[in-house]
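Read the structure below first, then the notes.
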Amino acid sequence: MLSTDDFKNNSIFSDLTDDMIEKLLPLGKRINVEARDYVFKEGDRVENLFIIKRGTVLIEQRLSDKMTVTAGTVTVGECFGYSSMFEEGTYSTNAVAADPCELIVINGESMMDVLNNDCTMGFMVLKRIVAVFAKRLSRRTEQFLRAVTSHPEIHELGS
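In terms of the working numbering, the sequence shown is residues 855 to 1013.
In structure tokens:
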């Protein structure tokens, strides 16, 4: 059974009151995933938000049949699968356990129902999610700029 500590130790839910977290507890369940197992695959239906209790998950993007890159690494205390809260459709990436993981799984639609019914909690959670997205966007922008500036053809343009 999940406890309030399972949520309090997470970056998205850490500011919530115990009463708010109590509303989320029935939505979650624990699962264990072995190293190199998929949590979800590109093309799977978007359904769940995941909280990492133990382990590391790699978010991988397939560029071609022969090339896959790691677009992100998610560790203890972090979430992934945010799209389950905001959109229908399919995942555009793979989520793969880098090592044995313990995850909390929460249906995204059910989560949004709770957040819509408690606007204060909804604001607090979504504010934290926006901060995560802003940090990821900043990091990806830095990576992109590093890649562009190190490309040989860019140096030729500057000459």
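Just so it is clear, CB atoms sit at the ideal spot from N, CA and C, and this is done for glycine as well. Bear in mind that the values here come from a model prediction, so they are computed numbers and not experimental data.
Residue j beta carbon less than 7 Å from that of residue i
i	j	result
residue 914	residue 887	no
residue 863	residue 909	no
residue 903	residue 943	no
residue 979	residue 877	no
Backbone CA spacing between residue i and residue j [nearest angstrom]
i	j	result
residue 1002	residue 996	10 Å
residue 892	residue 953	11 Å
residue 917	residue 923	7 Å
residue 895	residue 986	22 Å
residue 820	residue 867	There is no way to answer for residue 820, as the model of the chain reaches only from 855 to 1013.
Top-ranked residue by Cα proximity to residue i, from the options
i	options	result
residue 865	984, 1000 and 876	984
residue 871	988, 975 and 1000	975
residue 958	855, 884, 873 and 933	884
residue 897	981, 1000, 859 and 947	947
residue 900	945, 928 and 859	945
residue 933	961, 972 and 874	961
Cβ-Cβ separation, residue j to residue i (assumed contact under 8 Å), whole Å
i	j	result
residue 964	residue 881	5 Å
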